[in-house]
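Residue numbers (this note's numbering): 1334 to 1543. Idealized CB from N, CA, C, for every residue including glycine. Predicted, not measured: the structure shown is a model, and the values here were computed from it. Notes follow the structure.
Here you go:
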């Protein structure tokens, strides 16, 4: 190889090395997945579990995020993480210990998107079948029956919903007004089939689709 060729090779090597150095020095260019994992490990795990099996709410500090990639709609998750959604638990997650909601940490829009991507990649619920709940097949009768079943199973005792422009129900668990904009429909369908498999010992009914 001539001197000119050696010079070009050295120049290319130098440019590559400089580029790699920038990647190492500038955290903003790091992998979004790595950023999300760091955020989750540094902050979220202080209250939320990212792995394990279903456990009683009274043994937890906040809702599990084990299945977050299947549970939440991405648009809602971004709004929640960036502080644009109201508290889900009016009395706090552990209503037996407090009667005020905890202030949830906020992240930037970019960080929220990175976390949503990480959940979608690493925290899917294998029990959930995509497309299991077909909204196009839901009739007005189904909606009316669902409302009756909701009250018949005493869901109002712990959850609030909106009825005739007013909030009704208890505040011991997650607020369910606008929940259709929060939860993934297939995850919610699977949850309703057997809530105890997700949050044991917290009073949920065992759904009977028959």
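So is residue 1524 buried or exposed if we call it buried at 16+ other beta carbons inside 10 Å?
Label assigned to residue 1524: buried.
Entirely within the region 1355-1423 and at least 4 residues each: give me those alpha helix (DSSP H) ranges in chain order.
Complete alpha helix (DSSP H) runs here, min 4: 1365-1375, 1401-1404 and 1407-1414.
Consult DSSP for residue 1473 and reduce its assignment to one of helix, strand or coil.
Helix.
Residue 1458 CB to nearest heavy atom of the ligand SAM below 7 angstroms:
With respect to small molecules bound, the structure shown includes none, and the ligand SAM cannot be examined in it.
Can you tell me whether DSSP reads residue 1484 as helix, strand or coil?
Secondary structure at residue 1484: helix, using DSSP grouped into helix, strand and coil.
What does the alpha-carbon distance come out to for the pair residue 1509 and residue 1384?
If you take the alpha carbons of residue 1509 and residue 1384, they lie about 25 angstroms apart.
Whole-angstrom C-beta distance between residue 1374 and residue 1451, which should lie under 8 angstroms
Not quite, the Cβ-Cβ distance comes to about 11 angstroms (not below 8 angstroms), so this is no contact.
Selection from 1416, 1393, 1391 and 1445 that minimises the alpha carbon distance to residue 1371
Out of 1416, 1393, 1391 and 1445, 1445 has the C-alpha closest to the C-alpha of residue 1371.
Cutoff 8 angstroms; reference residue 1425; Cβ partners in own chain excluding five residues on either side:
Once the five neighbours on either side are set aside, the close Cβ partners of residue 1425 are 1431, 1432, 1433, 1434 and 1435.
Rounded to whole angstroms, how far is the Cβ of residue 1403 from the Cβ of residue 1517, which I believe are closer than 8 angstroms?
Residue 1403 to residue 1517, Cβ: 6 angstroms. Contact.
CA nearest to the CA of residue 1504, picked from 1429, 1468 and 1441
The shortest C-alpha separation from residue 1504 is found at 1429.
Just mark residue 1398 as buried or exposed, buried being the case when its beta carbon has 16 or more other beta carbons within 10 Å.
Buried, since its Cβ has 16 or more Cβ neighbours within 10 Å.
Between 1521, 1440, 1368 and 1481, which has its C-alpha nearest residue 1468's C-alpha?
That would be 1521, whose Cα lies nearest to the Cα of residue 1468.
What number of angstroms, rounded off, separates the C-alpha of residue 1532 from the C-alpha of residue 1389?
Going by the C-alpha atoms only, they are around 6 angstroms apart.
Check for me: the beta strand (DSSP E) holding residue 1500 runs from which residue to which?
Residue 1500 -> beta strand (DSSP E) spans 1499-1502.
6 angstroms Cβ shell around residue 1494 - same chain, five flanking residues per side excluded
Excluding sequence neighbours, residue 1494 sits near 1502, 1509 and 1510.
Under the three-state reduction of DSSP, which class applies to residue 1516: helix, strand or coil?
In this structure, residue 1516 counts as strand in the three-state DSSP scheme.
Integer-rounded CB distance, given that residue 1491 should sit under 8 angstroms from residue 1512:
Contact doesn't hold; Cβ gap of about 13 angstroms is too wide.
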